[in-house]
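Comments concern the structure below.
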Amino acid sequence: MSNGAYRVVHDRCTSDPAGFWGEVAEGIDWITAPTQALDDSRPPFYRWFPDGVMNTCYNALDRHVAGGRADQAAIHYESPVTGSSRTITYAELLEQVAKFAGVLRAQGVEKGDRVVLYMPMIPEALVAMLACARIGAVHSVVFGGFAPAELAARIEDARPKIIVAASCGIEPSRTIPYKPMIDAAIRRSEHKPDHCIVFQREQVEAEMGENDLDWVTVMNDDSIEPAECVPVQATDPLYVLYTSGTTGKPKGIVRDNGGHAVALNWSMPNLYGIHPGEVFWAASDVGWVVGHSYIVYAPLLAGATTIVYEGKPIGTPDAGAFWRTIEKYNVASLFTAPTAIRAIKKEDPDGEFMKQSDLSNFRRLFLAGERLDPDTYEWAHAKLGIPVIDNWWQTETGWPIATNPVGIEELPVKPGSPSVPTPGYDVQILDEQGNQVEAGTEGAICIKLPMPPGTLPTLWQDDDRYVESYLSAFDGYYLTGDGGYIDSDGYIYVMGRTDDVLNVAGHRLSTGSIEAALAGHPSVAECAVIGVADQMKGQIPRALVVLKSGITLDDAGEAELKKELVGRVRSEVGAVAALREVDVVQALPKTRSGKILRKTMRQIADGQEAMVPSTIEDASVLEVLRPVLRHE
Numbered sequence: 002m003s004n005g006a007y008r009v010v011h012d013r014c015t016s017d018p019a020g021f022w023g024e025v026a027e028g029i030d031w032i033t034a035p036t037q038a039l040d041d042s043r044p045p046f047y048r049w050f051p052d053g054v055m056n057t058c059y060n061a062l063d064r065h066v067a068g069g070r071a072d073q074a075a076i077h078y079e080s081p082v083t084g085s086s087r088t089i090t091y092a093e094l095l096e097q098v099a100k101f102a103g104v105l106r107a108q109g110v111e112k113g114d115r116v117v118l119y120m121p122m123i124p125e126a127l128v129a130m131l132a133c134a135r136i137g138a139v140h141s142v143v144f145g146g147f148a149p150a151e152l153a154a155r156i157e158d159a160r161p162k163i164i165v166a167a168s169c170g171i172e173p174s175r176t177i178p179y180k181p182m183i184d185a186a187i188r189r190s191e192h193k194p195d196h197c198i199v200f201q202r203e204q205v206e207a208e209m210g211e212n213d214l215d216w217v218t219v220m221n222d223d224s225i226e227p228a229e230c231v232p233v234q235a236t237d238p239l240y241v242l243y244t245s246g247t248t249g250k251p252k253g254i255v256r257d258n259g260g261h262a263v264a265l266n267w268s269m270p271n272l273y274g275i276h277p278g279e280v281f282w283a284a285s286d287v288g289w290v291v292g293h294s295y296i297v298y299a300p301l302l303a304g305a306t307t308i309v310y311e312g313k314p315i316g317t318p319d320a321g322a323f324w325r326t327i328e329k330y331n332v333a334s335l336f337t338a339p340t341a342i343r344a345i346k347k348e349d350p351d352g353e354f355m356k357q358s359d360l361s362n363f364r365r366l367f368l369a370g371e372r373l374d375p376d377t378y379e380w381a382h383a384k385l386g387i388p389v390i391d392n393w394w395q396t397e398t399g400w401p402i403a404t405n406p407v408g409i410e411e412l413p414v415k416p417g418s419p420s421v422p423t424p425g426y427d428v429q430i431l432d433e434q435g436n437q438v439e440a441g442t443e444g445a446i447c448i449k450l451p452m453p454p455g456t457l458p459t460l461w462q463d464d465d466r467y468v469e470s471y472l473s474a475f476d477g478y479y480l481t482g483d484g485g486y487i488d489s490d491g492y493i494y495v496m497g498r499t500d501d502v503l504n505v506a507g508h509r510l511s512t513g514s515i516e517a518a519l520a521g522h523p524s525v526a527e528c529a530v531i532g533v534a535d536q537m538k539g540q541i542p543r544a545l546v547v548l549k550s551g552i553t554l555d556d557a558g559e560a561e562l563k564k565e566l567v568g569r570v571r572s573e574v575g576a577v578a579a580l581r582e583v584d585v586v587q588a589l590p591k592t593r594s595g596k597i598l599r600k601t602m603r604q605i606a607d608g609q610e611a612m613v614p615s616t617i618e619d620a621s622v623l624e625v626l627r628p629v630l631r632h633e
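Numbering (my numbering) for the sequence shown: 2 to 633.
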């Protein structure tokens, strides 16, 4: 590992977190600057900047307008699914946000009230989020298109005063009306919001009810005054973002205002190498934590320009969409999921579309959300000729646990590793007894408390579940739920969720190592390995592989491919992996953020009742796979 700038910063963070983050906190504007950085009086409930007073929206918009960025682009909206695009300056965005904050206030929304947002990838989603932050309301974004039952569960838990929605979302192959799903969710929920504010889109116009308000009408109401920023405590909640829980009841991840602003503002130049005025594109969705952190808040806190992209990496209309967008807006860095790059690679394996766009200002590609397999890394690095940087984090942490901190020091890349622990995170690998293991030994990836600013302080109105879910396994540690190891250079290797670890005849094997062997085959576009129950060995691995575009095999060819893949795993992982079954499939079931549903596939293969998450991208893919998984 480096003994240079990164090591100095990381060691300072670990040895003196209060001193380090106290200095970093000077990077945002405070109404009342904190005199204390870390309140550690009630472990495990640590709070950052407890006596600080600020406003996140002010830091994202007002200070930049006042500081000379009024005419700089804040948002580039690019919508290949509608064929439209527009640019919004910081001054224009501030005007819209202040007005919508006034609209919310006119409907009785006050500091601490919750507002549920059910929006597609349009600028109005960002306007609504920032407007909540402006008046101290707590937003809870629910992925547009979520089923009524899932939306109802979030309405019940957050108890919002208002719902803000659009009339529809637009997919490459269909348009999804939102209002019927919202109405159904409200009927199912015991809690009834006062109003629903609907942004009407021309593709589908929502039928309005007596408690519904039209976005354009209320925004044009001259009697409603724009709202000024409301002072909030640094420890007050900015938002609640729900993630699936093992019990079926979603977990409300709480994000505070102060620590969040401090951490994300610091992360842009230090972790991503992005400076004020540059264009940063996170090709995600505001329904995910990546969207919250790196479409909305971090770029705007840092005075950069963000891109709101309503489309897909392929199919809207082709595998060149990302590269054309990068050229059009002079994007410095792109942050997306490995799944997106694998999709592009499958459609355009020779990278022909890249050659058609001017990518001369494109500096780095950042990937997260799903393990970056070495084959995908090598392809992207070779075709783009720029650093391809994996980073690993969770909804709970809000920003990277591990990455290559390019703004501090650009470290050598090791394919298969998201690089080193981010400054602020004391990452340790523990065995089942809670002891630290030697370098290179797999175990549970844990973070020593206190975690840095910007991470979850607790779950929404459920401290007990917070402790039980994350802090009870090892005293003084946050359990990430991922397994892996740290090598002798200090690089982290995340080998998959701990429930993705196979136990084959007493040997613990990570699905990640088997998948890496499979993905290295020249015919394989992507793959997934699951452990299925076996009477003799406890579990045995099964592999599902998707072939690269244009490759078709007859029965003999498929049999030969399977033989080659089994051979690769035997030579690279070992005979103990005992891989025998390989199925060639058309597609793998994934969440909308690109995570492959290994657990769901494993449950189906074992004949159990499968938990299909509400975040599934295309349920039909799973239905096609059911008979394959069950050997029907």
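The C-beta atom is built at its ideal place from N, Cα and C for all residues, glycine as well.
Source: prediction; values computed, not measured.
Buried or exposed for glycine 337, please, with buried defined as at least 16 other CB atoms from any protein chain shown within 10 angstroms of its CB.
For this step, residue 337 is matched to residue 336 along the sequence shown. Reading the sequence as shown, one finds threonine at residue 337 and not glycine. Here threonine 337 is buried, its C-beta having at least 16 other C-beta atoms within 10 Å.
Run through the stretch 264–342 for me and flag every whole beta strand (DSSP E) of 3 or more residues, listed as ranges in chain order.
Correct list: 280–283, 306–310, 334–337.
Please classify lysine 252 as buried or exposed, where buried requires at least 16 neighbouring CB atoms within 10 angstroms.
By one-based count along the sequence shown, residue 252 stands at place 251. The residue in question, lysine 252, is buried, as its Cβ has 16 or more Cβ neighbours within 10 Å.
Take tyrosine 179 as the anchor and find which of Leu152, Ile163, His192 has the nearest alpha-carbon.
In the sequence shown, the residue the question calls residue 179 occupies position 178. Comparing Cα positions, the closest option is Leu152.
On the premise that leucine 548 lies in contact with aspartate 584, defined as a C-beta separation below 8 Å, what is that separation, rounded to the nearest angstrom?
Residue numbering aside, residue 584 sits at position 583 when the sequence shown is read from its first letter. Residue numbering aside, residue 548 sits at position 547 when the sequence shown is read from its first letter. Not really, about 12 Å apart at Cβ, beyond 8 Å.
Roughly how many whole angstroms lie between the Cα atoms of threonine 176 and valine 205?
By one-based count along the sequence shown, residue 176 stands at place 175. By one-based count along the sequence shown, residue 205 stands at place 204. Threonine 176 and valine 205 have their alpha carbons spaced roughly 8 Å apart.
In this structure, does DSSP put tyrosine 467 in helix, strand or coil?
Reading the sequence shown from its first residue, position 466 is the one you call residue 467. If DSSP states are grouped into helix, strand and coil, tyrosine 467 belongs with the helices.
Note down the Cα distance separating threonine 248 from glycine 278, rounded to an integer number of angstroms.
Numbered from 1 along the sequence shown, position 247 holds the residue referred to as residue 248. Numbered from 1 along the sequence shown, position 277 holds the residue referred to as residue 278. Below a pLDDT of 50, predicted positions are generally treated as unreliable, and threonine 248, at 48, falls in that range; no measurement from the model is reported.
Neighbourhood of glutamate 315 by C-beta, 7 Å cutoff - its chain only, sequence neighbours within 5 removed:
Position 314 of the sequence shown, counting from 1, holds the residue named residue 315. Looking at the sequence provided, one finds isoleucine at residue 315 rather than glutamate. Within the same chain, Ala344, Ile345, Glu348 come within 7 Å of isoleucine 315 by CB-CB distance, once the 5 residues on both sides are set aside.
Between the Cα of arginine 372 and those of Ser594, Gln540, Tyr330, spot the shortest distance and give me the residue it belongs to.
Counted from its first residue, the sequence shown places residue 372 at position 371. For arginine 372, the nearest C-alpha among the options comes from Ser594.
Let me know if alanine 235 comes out buried or exposed under the rule of 16 or more other beta-carbons within 10 Å of its beta-carbon.
The residue labelled residue 235 in the question sits at position 234 within the sequence shown. Counting of Cβ neighbours within 10 angstroms places alanine 235 among the buried residues, the total reaching 16 or more.
Taking C-alpha atoms, which residue in Glu311, Trp380, Gly53 lies nearest to proline 339?
As a first step, residue 339 is located in the sequence shown; it is residue number 338 there, counting from the start. Nearest option by C-alpha distance: Trp380.
With C-beta atoms as the reference, is tyrosine 494 less than 8 Å away from aspartate 488?
The count along the sequence shown starts at 1 and reaches residue 494 at position 493. The count along the sequence shown starts at 1 and reaches residue 488 at position 487. Yes.
On the criterion of 16 or more Cβ atoms from any shown chain inside 10 Å, does histidine 632 qualify as buried, or is it exposed?
By one-based count along the sequence shown, residue 632 stands at place 631. A residue is called buried once 16 or more other Cβ atoms fall within 10 Å of its Cβ, and histidine 632, having fewer, is exposed.
What residue range is occupied by the uninterrupted beta strand (DSSP E) comprising glutamine 604?
Counting from one through the sequence shown, the residue named residue 604 turns up at place 603. Per DSSP, glutamine 604 is not a residue of any beta strand (DSSP E); the alpha helix (DSSP H) it occupies stretches across 599–606.
Should arginine 569 be counted as a contact of the ligand MG given a C-beta to heavy atom distance under 7 Å?
Within the structure as shown, the ligand MG is missing, as the structure has no ligands at all.
For the beta strand (DSSP E) holding glutamate 96, just list the boundary residues, first then last.
Stepping through the sequence shown from its first residue, residue 96 is reached at position 95. Where glutamate 96 is concerned, there is no enclosing beta strand (DSSP E), although the alpha helix (DSSP H) it sits in stretches over 91–107.
Which complete alpha helix (DSSP H) runs does the stretch 189–262 hold, if anything under 4 residues is left out?
Complete alpha helix (DSSP H) runs here, min 4: 216–220.
I need the straight-line Cα distance from proline 350 to arginine 188, nearest angstrom please.
Indexing the sequence shown from 1 puts residue 350 at position 349. Indexing the sequence shown from 1 puts residue 188 at position 187. Between proline 350 and arginine 188, the C-alpha separation is close to 48 Å.
Note the first and the last residue of the continuous alpha helix (DSSP H) segment covering lysine 415.
In the sequence shown, residue 415 corresponds to position 414, counting from 1. That residue, lysine 415, is in no alpha helix (DSSP H); it is neither H nor E in DSSP.
Serine 224 versus leucine 95: straight-line alpha-carbon distance, rounded:
Reading the sequence shown from its first residue, position 223 is the one you call residue 224. Reading the sequence shown from its first residue, position 94 is the one you call residue 95. A direct Cα-to-Cα measurement between serine 224 and leucine 95 gives close to 19 Å.
Ends of the alpha helix (DSSP H) at tyrosine 7?
On the sequence shown, position 6 is the one that residue 7 refers to. Unbroken alpha helix (DSSP H) run through tyrosine 7: 6–16.
Jot down the residue ranges of each uninterrupted alpha helix (DSSP H) in the stretch 344–400, minimum 4 residues, whole runs only, in chain order.
As far as the stretch 344–400 is concerned, its whole alpha helix (DSSP H) runs of at least 4 residues are 353–356, 375–385.
Just the C-alpha distance for histidine 11 and proline 424, rounded to the nearest angstrom, thanks.
Along the sequence shown, one-based indexing puts residue 11 at 10. Along the sequence shown, one-based indexing puts residue 424 at 423. Near 4 Å, if we compare the C-alpha coordinates of proline 424 and histidine 11.
By how many angstroms is the C-alpha of alanine 186 removed from the C-alpha of glutamate 93?
One-based indexing of the sequence shown puts residue 93 at position 92. One-based indexing of the sequence shown puts residue 186 at position 185. Looking at the backbone, the Cα of glutamate 93 and that of alanine 186 are separated by about 34 Å.
Rounded C-beta distance between isoleucine 163 and histidine 140? I'm assuming under 8 Å.
Translated into positions along the sequence shown, residue 163 becomes position 162. Translated into positions along the sequence shown, residue 140 becomes position 139. That pair is no contact at about 10 Å.
What do you reckon, are the CB atoms on arginine 627 and isoleucine 597 nearer than 8 Å?
If you number the sequence shown from 1, residue 627 lands on position 626. If you number the sequence shown from 1, residue 597 lands on position 596. Between arginine 627 and isoleucine 597, the CB-CB gap reaches or exceeds 8 Å.
Do you know how far the Cα of alanine 474 is from the Cα of proline 44?
To locate residue 44, count along the sequence shown from 1; it is residue 43. To locate residue 474, count along the sequence shown from 1; it is residue 473. Roughly 15 Å between the two C-alpha positions.
Am I right that phenylalanine 101 and valine 128 are in contact with their C-beta atoms under 8 Å? What's the rounded C-beta distance?
On the sequence shown, residue 101 is found 100 positions in, with the first residue counted as 1. On the sequence shown, residue 128 is found 127 positions in, with the first residue counted as 1. About 5 Å separates the two Cβ atoms, so the contact holds.
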